[in-house]
Each structure stands twice: as structure tokens, then as C-alpha cells.
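In the numbering used here, the protein residues as written are 3 to 312.
Glycine is no exception: its CB is placed at the ideal position from the N, C-alpha and C atoms.
All figures in this text were calculated on a predicted structure; none of them were measured in a lab.
Okay, so here's the structure we're looking at.
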């Protein structure tokens, strides 16, 4: 429910010319929270036991989760302090009501999300199995490399507005995701040469760089989708996107189970994932063209400022 309202509310609270910066900070905040949560968990469990006034406090997994949950309970206090601006256009219909002319718009906007979410479900949640079974990487080393990747996600996410200004929608979405898909394929193909000395370093490097690049496209794809569907459909699209991500990961998990039960190697699973990613990335091209044409027509229709007489 939180993710359903977060994107539309962020765009409503933020001026239009600062939407890229706001969404980038929102995505970077999740990466920062993951890093802080991991550091806090490590510090608490490293402390072990603490004596405080004759009371022994044991910081095990249960206590760590309880402390993190209590910290999260402070979030509603900050949400209550946010302003609730009035929408620019009041609608007489419920937000679940869909206008007939909006059906093609909504379906077209959700196709890339379906492809990307399914591809992510086939790769992200099983990367630890790939490194464990193929390259015999320990869980501790995998967690360390994952932490490095999360740090890169945080810093790279802050560069999204500048990348979009310099390279436009195509560079911020298509270019970044195509490179990330290429890294995923390279990582999977190392299974064919897993006995080679260079296989593990190449796979680890591709793993560390792939996630920041895929996450880098997140703010831009969200902004593009919200611009494409318009203000009156933002809440509905956000809800559908959340449902698609949850459902796609479940379907991907079942698909992965079936594929592995037939002894399909990991590299073929990742190639299938790469095809899904590419299809979703190319699907964004249609949305980009529509949004660019819309912005161009709006810019041409704006009246020019009156010139002062010389």
C-alpha cells in the first residue's frame, strides 16, 4: 500500500521541473536504508550482550528485527507532517474508474513493467544459488559483494537527473538497461567456462555493476510511465505496477523451479531473462516517443513572451 501512493504523492508534492530529482532521491533512499539496516544489524549482533543497570540485553536476530521494526514505526509520524496538496484537476470519478479511452494507454504502459518484473524475478532472487552452485562462492562473500553493489546503487541513483539531462529518456532508460542486460548475459555465460581462472572475477564484476545500472533506470521509468498515463491515472497505474511486481516474482519463482527440475543450466535461464529484459526495454521506446511528442506540442503551443519595444 505504501508503494502504491508513494510515486503519485511524490509527483504531486514536487514541482514539475524537479520531478527527476525527487524520484531519484526516493529510490536512493531505499538503497541508503538497506545499507544502514545492514550496518546496524551487523553492529548489534557483533555487540552480542550488553549489561545495562543489571539487565542483560542479548542482541540476536530476534532483537535486531525488533529494533528495526520499532525504528520503522516512526515513519507514520513523518508522513503526517507532509502537506496534502489539492490536485490541479478535480475528478468526479473514483480513482478506480477507468475511462474507455484510457484502456489502451494503461495496458501499453504496463507491458514494460510486466517484462522487467518477470525478468527480475527470474534473476535477482536466484543469483545467490548461481554463485553458490556454479562458482562455489560462500554466502559471506556473496553478501560482501552484494553490499558493495548496494553502495553503488545509492551513489549511481543520485546521478540519474544529470544522465537524463545529458542523454534524454533514451540514454537514461534504454542505454542504461541495455548495458545492464549485457552484464547479466556475460555473468550467466561464465558458467560455460566456470573452471577458468577468470570466470569468477568476471561474474562478480558483472554482478556488482549490473544492479546499480538496472536500479539507475528505475526513477526514469517511473517518471516516464507517470507522465505517459497522466495525472488522473497515476494512482491506478501505481497500484497495478505493485501487483504486477508481486505476481511476476511468484510466477518467476515457479517457472525457475520447473526449469531447474528439467536440469536447465543457469546460463540458459539468464539468457531467457535477458530476452525478457530487452523486450521490456524496447517497449519503453514507444512510451518515450509519445511523451516526447506531447512535450514538444505543449512547448510549441505556449505563447511566446511579448517583446518590449526598443
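- For residue 161, the three-state secondary structure derived from DSSP is coil.
- Distances from the alpha-carbon of residue 258 to those of 112, 126, 79 and 46 put 126 closest.
- The beta carbon of residue 132 is closer than 7 Å to those of 268 in its chain, skipping five residues each way along the sequence.
- Note: residue 31 is not bridge-paired with any residue in the DSSP secondary-structure output.
- Put simply, the segment 219-238 touches the segment 22-41. At least three CB pairs are less than 8 Å apart.
- Counting along the chain, residue 67 sits inside the alpha helix (DSSP H) bounded by residues 63-74.
- Annotated three-state conformation of residue 275 is helix, per DSSP.
- Sequence-distant Cβ neighbours of residue 136 in its own chain, meaning closer than 7 Å and more than five residues away, are 193, 196 and 268.
- By alpha-carbon distance to residue 202, the top candidate from 134, 290 and 151 is 134.
- If you check the CB distance, residue 84 and residue 228 do not come in under 8 Å.
- Contact between residue 275 and residue 186 holds: CB atoms are separated by about 7 Å, below the 8 Å threshold.
- Residue 117 and residue 184 have their C-alpha atoms roughly 16 Å apart.
- Taken through DSSP and simplified to helix, strand or coil, residue 156 comes out as helix.
- Across the structure, residue 266 and residue 230 are spaced so that their CA atoms are roughly 39 Å apart.
- Less than 8 Å separates the beta-carbon of residue 112 from that of residue 242.
- Note on the segment 224-301: whole alpha helix (DSSP H) runs with a minimum of 4 residues are 236-263, in chain order.
- DSSP places residue 84 outside both helix and strand once states are collapsed to three, so it counts as coil.
- Looking at the DSSP output, residue 186 bridges to nothing.
- Straight across, the Cα-Cα distance linking residue 189 with residue 144 is about 14 Å.
- Its Cα nearest to that of residue 165, the residue 215 stands out among 199, 215 and 67.
- In the same chain as residue 62, and ignoring 5 residues on each side of it, the C-beta atoms closer than 8 Å to its own belong to 47, in chain order.
- Between residue 121 and residue 282, the gap from beta carbon to beta carbon is short of 8 Å.
- Separation of the CB atoms of residue 293 and residue 226 is rounded to 6 Å, and the pair is thereby assigned contact status at 8 Å.
- Excluding its 5 nearest sequence neighbours in each direction, residue 153 has C-beta neighbours in its own chain below 7 Å: 37, listed in chain order.
- At a Cβ-Cβ threshold of 8 Å, residue 246 and residue 119 count as neighbours.
- Non-local C-beta neighbours of residue 181 in its own chain, meaning closer than 7 Å and more than five positions away in sequence, comprise 215, ordered along the chain.
- In the structure shown, the three-state DSSP call for residue 58 is strand.
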